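In the working numbering, the protein residues as written are 13 to 170.
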């Protein structure tokens, strides 16, 4: 007999993303999203996007396609030794999820070990049904990473 908590179809028991429909499911979805970023593995990062997804990150040009997002993230992750997302609050309306995160960064090669805490607002548009259910079709991220980018430049000069 399978108990409710062992049911493989329940969102908390699935490895892949799912379309969240409750407060608890949004928390789980955000936790899975954060884990896909915080491991500094570009392949994991791209796994949360549907193939033709769009990422608009700060003031950079939009990136279209999970493969292109993975390329951008690979270059960025190569310069970091730590990234950690902690969500503060969120709201889900239809297929759109707004979330505020505190993102902690440490730059690779920084002997001081300085960490940068950067607040971020993310607006996710999620796929509701089909083969890519729960994956991101559009993500807009608003954050000021000037301190992190300046430290990256300083490390290159050293």
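C-beta atoms are modelled at their ideal positions from N, C-alpha and C, and glycine is treated no differently.
Here the structure is a predicted model, which is why all the values come from computation and not from measurement.
Collapsed DSSP secondary structure at residue i in the structure displayed
i, result
"residue 172", "There is no way to answer for residue 172, as the model of the chain reaches only from 13 to 170."
"residue 85", "helix"
"residue 151", "strand"
"residue 139", "coil"
"residue 60", "coil"
"residue 40", "helix"
"residue 19", "Low per-residue confidence applies at residue 19: pLDDT is 46, beneath 50, and the placement is therefore not dependable, though the value from the model is reported in the following sentence. Coil."
"residue 170", "coil"
Strand pairing of residue i, partner residues [DSSP]
i, result
"residue 104", "109"
"residue 96", "116"
"residue 66", "76, 150"
Straight-line Cα distance separating residue j from residue i
i, j, result
"residue 107", "residue 170", "46 angstroms"
"residue 43", "residue 56", "14 angstroms"
Cβ-based neighbour list, residue i, same chain, cut-off 6 angstroms, excluding 5 preceding and 5 following
i, result
"residue 119", "163, 164, 167"
"residue 63", "78"
"residue 41", "32"
Close-in-space but distant-in-sequence residues of the same chain around residue i (CB under 8 angstroms, 5 per side omitted)
i, result
"residue 70", "153, 154, 155, 156, 157"
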